[in-house]
Each structure stands twice: as structure tokens, then as C-alpha cells.
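Numbering (the numbering used here), first residue to last: 17 to 206. Don't be surprised by glycine CBs; every beta carbon is placed ideally from N, CA and C.
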Amino acid sequence: MDALKERIIKEGQYLGGGILKVDSFINHQVDPALMDACGVAFAERFRDLGATRVLTAEISGIAPAIAAAKHLGLQVVYARKSKPITMPDQVYLTIAPSHTKGRQVELIVSPEYLGRGERILIIDDFLASGATILGLVRLTQAAGAEVAGIGTLIEKSFEGGREALAYLGVPVEALVVIESMEDGKFVFAD
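Below, the structure is given as C-alpha cells:
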């Protein structure tokens, strides 16, 4: 997706260690027009999957998930990283490593919002190692639901996440694929 690629080139910062900072338009400050365009792109790619709900992780996945869900006519549920008192005692919970936080994080979903027999479209900001998305897959499976597809704004293909998800046999779509970020120069897949 050209608009997203242009923003990465213009505003993205390589911080080393595989970290791409896109805080000015995705992760801290969000560009609603760009997210809406990304939502349209996701809807075009996933419209025929028969998804019943979109699932993402708090916090950076929420904007692209809402945009995708808006254009697919679906609800969004996001995995929380801490359990509020309003959540029931029995929850779906898994642990996933966070590359940017440098530690393990909990991913928690209330069974009220993720049900047996649903077809779940997972949307997130990044596909790197695949660890967070695999956590969302585990939550989906724990609920007795099925993963219908996976979409990300940005894939860092050199981190192997796509390969880690291959066993699922579902469509995995990234709007922009970065093959390398060495020396702060972005190399995109065509």
C-alpha cells in the first residue's frame, strides 16, 4: 500500500535491534485517514473469508483493527494486557513476548466477546516474529473459535513471523513488507 509505505519512508525511524518506530502515525499518534485507507485495503483482501469478528492486541493493533472492522461490518475485540475488575473471573489468557517492551506480556480476553464457532480475523500493527499474533491465535483456539485470516499493517519479513504462522493454513496479508532495515535504509518487497 503506497500511502503507508510513503509514511514509513518519510517518518519511520529504525532504532536498531529490529525496532521500527512509527509512533507519529500508528503507535502513539494515529493518522485516522491513513488508518481508514488501511481498513479499506484489509476489507478488500478479507471480505470473502466469512469472518464474524476482528481480534487484535492492546494498544497498537486497535486503530487498524477498528478501521478493518468498519469496512467489513464487524465488531472488534482486543486482548487486554491487564485484567480490569469489570472482567469476569474466568478469562482466556496467554503470555507473549513483547519485542518493544522487552518482556513477556499477558493477553487477556473475556469469554463474553470471543465465542465458540466464530471465525476470527486477526489484525495487528506488525508481523515480526509472530509471537503476539500466535498469542491471539491461542486465545481464539481456547475460545473454540477458528482463525479465518491474519492481516498486519507492516511485516518485517526478515524476522520469520510469516513462517511461524504457516501451519495455520489461513491467508496472511501485510499491507507493506519490509525485507531489510540495515543502516536505517528500508528495503521493501514489491
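Take the alpha-carbon of D47 and the one of V38: they are about 11 Å apart.
Within the model, the alpha-carbon separation for F58 versus I25 is close to 21 Å. Less than 8 Å separates the beta-carbon of P80 from that of M51. Straight-line measurement puts the Cα of I170 at about 12 Å from the Cα of R178. Taking D64 as reference, the option from R119, I35, P187 with the minimal CA-CA separation is P187. By the Cβ criterion, the segment 160-168 is in contact with the segment 129-139, since at least three pairs of Cβ atoms, one from each stretch, lie closer than 8 Å. Scanning the segment 59-116 from its first residue to its last, the whole beta strand (DSSP E) runs of 3-plus residues come out as 69-73, 91-95, 108-114. Taking C-beta separations shorter than 8 Å and ignoring five residues to either side along the sequence, the partners of V107 in its chain run K99, I124, V125, S126, P127, following chain order. A residue is called buried when at least 16 other Cβ atoms come within 10 angstroms of its Cβ; D141 meets this threshold and is buried.
Just so you know, the alpha carbons of I78 and Y183 end up roughly 25 Å apart. Taking C-beta atoms under 8 Å as the contact rule, I149 and L143 qualify, at a distance of about 6 Å. Around Y94, the same chain offers T72, E74, I78 as residues with beta carbons nearer than 6 Å, after the five sequence neighbours per side are excluded. Excluding five sequence positions before and after L191, the CB atoms of its chain that fall closer than 8 Å to its own CB belong to M17, L20, C54, A57, F58, G167, T168, L169, I170, given in chain order. Residue environment for L31: exposed (fewer than 16 other C-beta atoms within 10 angstroms of its C-beta). The three-state secondary structure of D18, taken from DSSP, is helix.
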